[in-house]
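Residue numbers (the working numbering): 30 to 302.
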């Protein structure tokens with residue numbers, strides 16, 4: 030499938046299936062990938078404009094943050110060591126830092142500085158390797174794993190940093206969801222070339238099952254993602270009343286997923302063996 034970088038450059042990329050069935054990769058991966066992140070709009074949600082749109086976004090974001098926090102609260106003890114890898118401007122670590130001993134890692138300079146200013150108790154690290162091996166109870170990656178080109182190497186590092194039976198929590202978009210099938214090449218969550226990898230539900234299950242160091246414990250949905258992704262997709266299609274169409278198609282996607290588990294984005298809760 031050929032996909033346009035609707036967000037920034039309008040360049041065309043191809044998505045090809047890898048040797049792991051259900052796992053796809055963007056081709057080519059630009060050597061200067063960092064330039065594809067160089068847009069104020071890419072981190073615009075880090076800033077508080079005070080507009081109605083911003084207030085609605087913040088309200089929905091608080092729902093999502095609590096949902097993500099509950100995943101941790103249900104599975105690791107209070108005061109546990111938690112790393113948010115790719116922490117962005119620090120929204121999640123700020124939200125949980127009073128309940129857990131938190132670490133954040135973010136490669137983007139502007140987002141990292143925003144995280145440092147925003148958080149009070151979280152340690153923002155420059156290099157994950159500086160964290161002691163076997164010291165973390167959980168590592169979270171909220172829509173980050175699809176950006177990491179050297180995934181095999183990073184999975185090994187994550188494994189080293191976690192305690193025995195520590196949790197790796199990965200949220201990624203699902204290209205076999207209803208909204209992905211509906212929008213096709215306009216589906217915003219392809220986000221080429223920033224999203225290097227694309228994982229169907231079966232693809233992620235296959236990837237984890239092939240790795241003897243990990244065990245998949247649970248899959249959970251991110252229910253609001255279908256609406257946000259549908260809204261962006263409608264914008265890329267230049268649709269009138271894009272917000273109304275996003276609500277309709279986001280709702281249809283979630284309803285269908287109640288029967289086939291193919292939600293727009295999925296959270297994989299993986300345990301270190």
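Glycine included, C-beta positions come from ideal geometry on N, C-alpha and C. Everything numeric in this text was worked out from a predicted model, so none of it was measured.
6 Å CB neighbourhood of residue i in its chain, flanking five on each side removed
{"i": "residue 191", "result": "165 and 301"}
{"i": "residue 183", "result": "177"}
Reduced DSSP category for residue i - H, G, I as helix; E, B as strand; rest coil
{"i": "residue 107", "result": "coil"}
{"i": "residue 53", "result": "strand"}
{"i": "residue 172", "result": "coil"}
{"i": "residue 102", "result": "helix"}
{"i": "residue 134", "result": "strand"}
{"i": "residue 182", "result": "helix"}
N- and C-terminal bounds of the alpha helix (DSSP H) containing residue i
{"i": "residue 255", "result": "254 to 265"}
{"i": "residue 287", "result": "271 to 289"}
{"i": "residue 122", "result": "120 to 125"}
{"i": "residue 209", "result": "207 to 212"}
{"i": "residue 149", "result": "No alpha helix (DSSP H) contains residue 149, which DSSP labels as neither H nor E."}
Buried or exposed (CB count within 10 angstroms, at least 16 for buried), residue i
{"i": "residue 244", "result": "exposed"}
{"i": "residue 137", "result": "buried"}
{"i": "residue 63", "result": "exposed"}
{"i": "residue 178", "result": "exposed"}
{"i": "residue 158", "result": "exposed"}
{"i": "residue 163", "result": "exposed"}
{"i": "residue 108", "result": "exposed"}
{"i": "residue 73", "result": "Residue placement at residue 73 is flagged as unreliable, the pLDDT there being 46, under the threshold of 50; a coordinate-derived value is accordingly withheld."}
{"i": "residue 97", "result": "buried"}
{"i": "residue 204", "result": "buried"}
{"i": "residue 151", "result": "buried"}
{"i": "residue 57", "result": "exposed"}
{"i": "residue 148", "result": "buried"}
{"i": "residue 69", "result": "exposed"}
{"i": "residue 283", "result": "buried"}
{"i": "residue 181", "result": "exposed"}
Nearest residue (CA-CA) to residue i, options the options
{"i": "residue 48", "options": "246, 278, 148 and 228", "result": "228"}
{"i": "residue 295", "options": "68, 202 and 189", "result": "202"}
{"i": "residue 238", "options": "142, 220, 32 and 51", "result": "51"}
{"i": "residue 272", "options": "235, 223, 255 and 115", "result": "255"}
{"i": "residue 85", "options": "257, 281, 151 and 267", "result": "257"}
{"i": "residue 241", "options": "274, 218, 216 and 188", "result": "188"}
{"i": "residue 67", "options": "91, 90 and 37", "result": "37"}
{"i": "residue 230", "options": "122, 253 and 209", "result": "209"}
{"i": "residue 234", "options": "92, 248, 221 and 214", "result": "248"}
{"i": "residue 88", "options": "289, 260 and 253", "result": "253"}
Heavy atom of the ligand MN within 7 Å of residue i beta-carbon
{"i": "residue 52", "result": "Here there are no bound small molecules, and the ligand MN is not part of this structure."}
Endpoints, the beta strand (DSSP E) within which residue i is located
{"i": "residue 33", "result": "31 to 33"}
{"i": "residue 196", "result": "191 to 202"}
Closer than 8 Å to chain D by CB, residue i
{"i": "residue 130", "result": "This model lacks chain D altogether; it includes just one protein chain."}
Residues of its chain near residue i, where Cβ-Cβ distance is below 8 Å and the 5 sequence neighbours each way are ignored
{"i": "residue 105", "result": "111, 129, 166, 167 and 196"}
{"i": "residue 251", "result": "93, 96, 200, 292, 293, 294, 295 and 296"}
Same chain, Cβ closer than 7 Å to residue i, five either side skipped, listed in chain order
{"i": "residue 260", "result": "271, 272 and 275"}
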